[in-house]
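Chains as they are written, first to last, in the working numbering: chain A, 1 to 130; chain B, 131 to 260. All C-beta atoms, glycine included, are put in the ideal place defined by N, C-alpha and C. In what follows, a single structure is set out as structure tokens and then discussed.
Number of protein chains: 2
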Amino acid sequence: MNPNSKAITADTLPNAEEPMGLPVFDINMCAEDMDKMAANAMKASYFLKAISHEGRLMILCHLASGEKSVTELEELLSARQAAVSQQLSRLRLEGLVTPRRDGKTIYYSLADDRPKQIMEVVYDLFCREK
Amino acid sequence: MNPNSKAITADTLPNAEEPMGLPVFDINMCAEDMDKMAANAMKASYFLKAISHEGRLMILCHLASGEKSVTELEELLSARQAAVSQQLSRLRLEGLVTPRRDGKTIYYSLADDRPKQIMEVVYDLFCREK
DNA sequence: TGTATAATTCACATATTCATATTAAGTTGT
DNA sequence: ACAACTTAATATGAATATGTGAATTATACA
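The structure is reproduced here in structure tokens:
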């Protein structure tokens, strides 16, 4: 992705001490792995942007306990229908939620467990501890 | 936070089946826990916004392998110094990175393991699998 | 001192993102 | 089928965020 990305290895970097015990994602991840990371950084940031919206985050939280209709989400978030619908369309575009029509109402549910993996960490960081 | 949030419990909701085996963050999390989540949703979304920027995400990735100076980050990201500095100030404001001055140069490092916890998941989602 | 280097901050232009209003589609009752 | 109502999706303008270049601060060295 980056044309002039210099080949930087662990030994060329100053102050590259081994700081903490937690498994980061491989301390020795440099050069090749870093390019892979850079290549995926755009996708990752786009994904994170999708879930970093307060309303969308709450939608994902509510969907984690089972599918909900747009009206239900509207009440749960106490937001206007148009706003909820727009946020859902963003999540739909990202492939995070899938709609299911049943008569008049459309039920949304989580498409896979990606959002759950993230939310689990976020929940730990902001709701459990501290 | 939400004045007119109705007390919605599991049994009042239709289609609230127990869908998946993965430990979400407690399937039975409703009412009280949900309010707690809503109260923290703003903080969480603010935090996620901070790391959902491609440049800032890359900065955190690079800092995961040890502290770096602003100039080093500037080269690693091939971005302008002012831009990197502003991104760092956002991360500093969020308490994710800490500066250390050594002569002319300022070295940045991760302040705690919050970003690492998130990035580990992000890395798994966007770099390892798939 | 004066100059050079490193990093931050300011001001502005631009691009994204968000909320309100409008439109389209679906359902019910007569 | 036609109206009346409900539900969802789409566009418009307003607010927010981001990058750039110039000015500012801080440190080192001659």
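Is it buried or exposed, residue i, if we count other Cβ atoms within 10 angstroms and call 16 or more buried?
| i | result |
| --- | --- |
| K104(A) | exposed |
| R80(A) | exposed |
| A83(A) | exposed |
| Y238(B) | buried |
| G66(A) | buried |
| Q216(B) | exposed |
| A39(A) | exposed |
| L93(A) | exposed |
| S219(B) | exposed |
| R100(A) | exposed |
| R128(A) | exposed |
| S52(A) | buried |
| Y46(A) | exposed |
Going by DSSP, what residues sit across from residue i in a beta bridge?
| i | result |
| --- | --- |
| D124(A) | Note: D124(A) sits in no beta bridge, so no partner. |
For residue i, does the three-state DSSP call read helix, strand or coil?
| i | result |
| --- | --- |
| S199(B) | strand |
| R100(A) | strand |
| S208(B) | coil |
| S109(A) | strand |
| S182(B) | coil |
| A168(B) | helix |
| A194(B) | coil |
| P245(B) | helix |
What residue does the alpha helix (DSSP H) around residue i start on, and which one ends it?
| i | result |
| --- | --- |
| S85(A) | Q81 to L93 |
Would a check of beta-carbon distances place residue i closer than 8 angstroms to chain B?
| i | result |
| --- | --- |
| V84(A) | no |
| K104(A) | no |
| E74(A) | no |
| V121(A) | yes |
| I59(A) | no |
| A111(A) | no |
| A138(A) | Look at the range of chain A in this structure, 1 to 130, and you will see that residue 138(A) is not part of it. |
Does any C-beta atom of chain A lie closer than 8 angstroms to the C-beta of residue i?
| i | result |
| --- | --- |
| E224(B) | no |
| R220(B) | no |
| R231(B) | no |
| Q247(B) | yes |
| R244(B) | yes |
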